[in-house]
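To start, the structure under review is shown below, and the notes come after it.
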Amino acid sequence: MERSSRPRRRSLRTLLAPATDNWFSRGYLALVAASVGFFLYAAYLSPDPGFAAVYPLITTAPFSFLALLVTTPLQAVEWLSPAVFSAAAAAAGLVNATVLGLLVRRVRVPQPHAAA
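Residue numbers (the numbering used here): 1 to 116.
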């Protein structure tokens with residue numbers, strides 16, 4: 001059973017590698033972390049959160065709209081809804097960072113090698 005989990009772990013690692021192997025994706029992930037962190041602060045610690053969910057929603061669009069659809073039925077449980085929305089927005093940010101990393105890999109100009 002342990003052998004079957006290792007190839008899956010490697011494939012997940014190779015699938016998510018573009019999300020962290022360049023500076024554009026890392027910067028985007030830092031922006032997503034800041035917006036989700038601000039949302040969590042506003043949702044749990046601030047007396048009036050206002051429109052704090054807009055920041056992670058805009059930062060992680062278009063996949064974050066799926067996060068909004070997932071958390072809409074959870075409005076009855078008020079303490080769970082911000083946590084689920086944050087997790088879904090973070091997952092949407094990871095998907096966006098992976099797509100951004102794949103685009104950066106595709107656009108990169110190959111460096112000429114010196115003749116030996």
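Note that CB positions come from ideal geometry on N, CA and C, so glycine has one too.
Nothing here was measured: the structure is a model prediction, and the numbers come from that model.
- Query: With L40 and S86 assumed to form a contact (beta carbons below 8 angstroms), what rounded beta-carbon distance in angstroms separates them?
  - Reply: 6 angstroms
- prompt: Roughly how many whole angstroms lie between the Cα atoms of L31 and P112?
  reply: 33 angstroms
**Asked** By DSSP, does N22 sit in helix, in strand, or in coil?
**Response** coil
Under the three-state reduction of DSSP, which class applies to M1: helix, strand or coil?
Note that M1 has pLDDT 47, beneath the 50 cutoff, so the model's placement of it is unreliable and no number is given.
Which residues in the same chain as R125 place their Cβ atom closer than 7 angstroms to its Cβ, once the five residues preceding and following it in sequence are excluded?
Only positions 1 to 116 of the chain appear in this structure, which leaves residue 125 out of reach.
Report task. Throw me the rounded Cβ distance for the T98 and L16 pair, which I believe falls under 8 angstroms. Result -> 6 angstroms
Worksheet item: Closest by CA to P49, which one among T59, A83, R108 and F38?
Response: F38
* Asked: Are A91 and V36 closer than 7 angstroms when you measure CB to CB?
  -> no
Kindly indicate the opening and closing residues of the alpha helix (DSSP H) around T60.
Unbroken run through T60: none, as it is neither H nor E.
- Task: Take the Cβ of L94 as the centre, count every other Cβ of all protein chains shown within 10 Å, and call the residue buried at 16 or more, exposed below.
- Result: buried
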